[in-house]
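Here the sequence shown is numbered in the numbering used here, starting from 446 and rising by one per residue.
All C-beta atoms, glycine included, are put in the ideal place defined by N, C-alpha and C.
Source: prediction; values computed, not measured.
Single-structure report; data block below.
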Amino acid sequence: MMNNKNNLSFFTVSFRTLKNNIMLSEKIEQLLQDQVKKEASSSQTYLAMACWADVKGFSGAAQFLYTHSDEERVHMLKLIKFLNERGSQATIPALDSPRKEFDNLKEVFQSILDHEILVTESINNIITVCLEEKDHLTNNFIQWYIAEQMEEEQLARSIIDKLEMIGSDTSSLYLFDRELATANQGA
Ligand code: OFO
């Protein structure tokens, strides 16, 4: 039978083993921390675009962008919680004020696509480092983001295609704006 002292050392060793298993490497911790900032910045960027669309009378696009901004905040929160659960403490980053003026709706969605391509590269880089460091837990966690990026890029591309087809036809633009209100439901 274990005496109290042995019991205690058993739990100390188990706790250490558990802690070593969940701890992130410094490099991966930094990459995830940087990603928190990128997701936060995506949320702010889309919020500024939503404001632009709102005041320009694109109420459907504004709704799309407000929703998109909320989604990016959820992406940031998932990372924050993951960092906290893996033995780190997430830092909440300061952000620059995002761009607030655009020439037209197509420029808004082109900026979204350009931004999302950069975010995808960043997620890909995290996966590469996870594989190098054999951090399967983080790799598994981050896979959700890569699937999300594919959906976001595809959606932005299809919206740009439609806006190109519409061109300067204002009645079609009006109808498409109404469609946009629900375009990211389920995405
Ligand atoms: Fe977080 O998916 Fe876009 O940026």
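(request) Express the C-alpha separation of Trp497 and Phe547 in angstroms, rounding to a whole number. (result) Looking up residue 547 in the sequence shown gives position 102. Looking up residue 497 in the sequence shown gives position 52. Taking the straight line joining both Cα atoms gives about 8 Å.
(message) Using a Cβ-based criterion (distance less than 7 Å to any ligand heavy atom), does His581 qualify as near the ligand OFO?
(response) For the purposes of this step, residue 581 is identified with residue 136 of the sequence shown, where counting begins at 1. Every heavy atom of the ligand OFO is 7 Å or more from the Cβ of His581, so no.
(message) Quick check: what's the CA-CA separation for Asn529 versus Glu596?
(response) The residue given as residue 529 occupies position 84 in the sequence shown. The residue given as residue 596 occupies position 151 in the sequence shown. Computed Cα separation, rounded: 27 Å.
(request) Measure the alpha-carbon distance for Glu626 versus Ile572 and round it to whole angstroms. (result) For this step, residue 626 is matched to residue 181 along the sequence shown. For this step, residue 572 is matched to residue 127 along the sequence shown. Before going on, a small fix: residue 626 reads as Ala here, not Glu. Between Ala626 and Ile572, the C-alpha separation is close to 33 Å.
(request) Identify the continuous alpha helix (DSSP H) that holds Gln599 and give its terminal residues. (result) On the sequence shown, residue 599 is found 154 positions in, with the first residue counted as 1. Per DSSP, Gln599 belongs to the alpha helix (DSSP H) from His581 to Ile611.
(message) Please classify Ala506 as buried or exposed, where buried requires at least 16 other C-beta atoms within 10 Å of its C-beta.
(response) Indexing the sequence shown from 1 puts residue 506 at position 61. Buried, because 16 or more other Cβ atoms sit within 10 Å of the Cβ of Ala506.
(request) Check each candidate in Ile611, Gln480 and Val574 and name the one with the smallest Cα separation from Ser470. (result) Here residue 470 is taken as the residue at index 25 of the sequence shown, counted from 1. The shortest Cα separation from Ser470 among Ile611, Gln480 and Val574 belongs to Val574.
(message) Comparing C-alpha positions only, which one of Val553, Trp589, Gln594 and Phe586 sits nearest to Val564?
(response) Position 119 of the sequence shown, counting from 1, holds the residue named residue 564. Of the listed residues, the one whose Cα sits closest to Val564 is Gln594.
(request) State buried or exposed for Ile525, treating a residue as buried only when at least 16 other CB atoms are found within 10 Å of its CB. (result) As a first step, residue 525 must be located in the sequence shown, where it is residue number 80. Buried, since its Cβ has 16 or more Cβ neighbours within 10 Å.
(request) Check whether the Cβ atoms of Ser488 and Arg531 lie closer than 8 Å to each other. (result) The residue you call residue 488 lines up with position 43 of the sequence shown. The residue you call residue 531 lines up with position 86 of the sequence shown. No; because the gap between Cβ atoms is not below 8 Å, this pair is not in contact.
(message) Is Val564 a contact residue of the ligand OFO, with contact defined as CB to any heavy atom under 7 Å?
(response) Here residue 564 refers to the residue found at position 119 when the sequence shown is read from its first residue. Result yes, Cβ under 7 Å from the ligand OFO.
(request) Less than 8 Å between the CB atoms is what I'm expecting for Ile473 and Asp580, so what's the real figure, rounded? (result) Within the sequence shown, residue 473 is the residue found at index 28, counting from 1. Within the sequence shown, residue 580 is the residue found at index 135, counting from 1. The pair is a contact, with the Cβ atoms about 6 Å apart (cut-off 8 Å).
(request) Kindly examine the ligand OFO and report whether one of its heavy atoms sits closer than 7 Å to the Cβ of Ser603. (result) Start at 1 with the first residue of the sequence shown, and residue 603 comes out as number 158. Checking every heavy atom of the ligand OFO against the Cβ of Ser603, none is found closer than 7 Å.
(request) Report yes if the CB atom of Glu561 is closer than 8 Å to the CB atom of Glu598, and no otherwise. (result) Here the question's residue 561 lines up with position 116 in the sequence shown. Here the question's residue 598 lines up with position 153 in the sequence shown. Taking 8 Å as the Cβ cut-off, Glu561 and Glu598 qualify as a contacting pair.
(request) Could you tell me the distance, in whole angstroms, from the CA atom of Val553 to the CA atom of Ser616? (result) For the purposes of this step, residue 553 is taken as residue 108 along the sequence shown, with counting starting at 1. For the purposes of this step, residue 616 is taken as residue 171 along the sequence shown, with counting starting at 1. For Val553 and Ser616, the distance between alpha carbons rounds to 19 Å.
(message) So, under 8 Å CB-CB, Asp614 and Ser504 are touching, yes? Tell me the CB distance rounded to an integer number of Å.
(response) Translated into positions along the sequence shown, residue 614 becomes position 169. Translated into positions along the sequence shown, residue 504 becomes position 59. Not a contact, Cβ separation roughly 19 Å.
(request) Please confirm whether Ile568 and Ile591 have their CB atoms less than 8 Å apart. (result) Residue mapping note: residue 568 aligns to position 123 of the sequence shown, counting from 1. Residue mapping note: residue 591 aligns to position 146 of the sequence shown, counting from 1. The answer is yes: Cβ separation under 8 Å.
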